Amino acid sequence: MEALPRLQARISSLRALRDLIRALRALAASHVQEAQAALPGIRRYVAVVEHAIAEGAALLPRADALTVSGAPSPKAAALIVVCSEHG
13 MEALPRLQAR ISSLRALRDL IRALRALAAS HVQEAQAALP GIRRYVAVVE HAIAEGAALL
73 PRADALTVSG APSPKAAALI VVCSEHG
């Protein structure tokens, strides 16, 4: 009958593991909801940054524009820094 206490301990351990997995799933679901809620704002931010880059690129003389490969021409280069307003 040594097996019975071991089985009971194992069942108890599995129940604790089940509870932990449930908590982790709930936490993951919460993170998914937060990310989905933030997505529209992120998309708006991306649109603003894209627009700003397009406006800035339109000001460049054609001779100094980037090549198709994305590498800057030897005459000029541009550095674009995008920072968060709220850390």
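Every position in the sequence shown, counted from 1, becomes a number in our numbering once 12 is added.
Every residue, glycine too, gets a C-beta built ideally from N, C-alpha and C.
All of these numbers come straight from a predicted model, not from anything done at the bench.
Self-check item: For L29 and H98, the rounded distance between their alpha carbons
Solution: 39 Å
Self-check item: Distance CB(V8)-CB(V58) smaller than 7 Å
Solution: The chain is shown from 13 up to 99; residue 8 falls before or after that span and cannot be answered.
Quiz prompt | Rounded straight-line distance, which links the Cα of P52 to that of I92 | solution = 23 Å
Self-check item: Three-state class that DSSP yields for I23 in the structure shown
Solution: helix
Quiz item: Distance, Cα to Cα, A15 vs A21?
Solution: 10 Å
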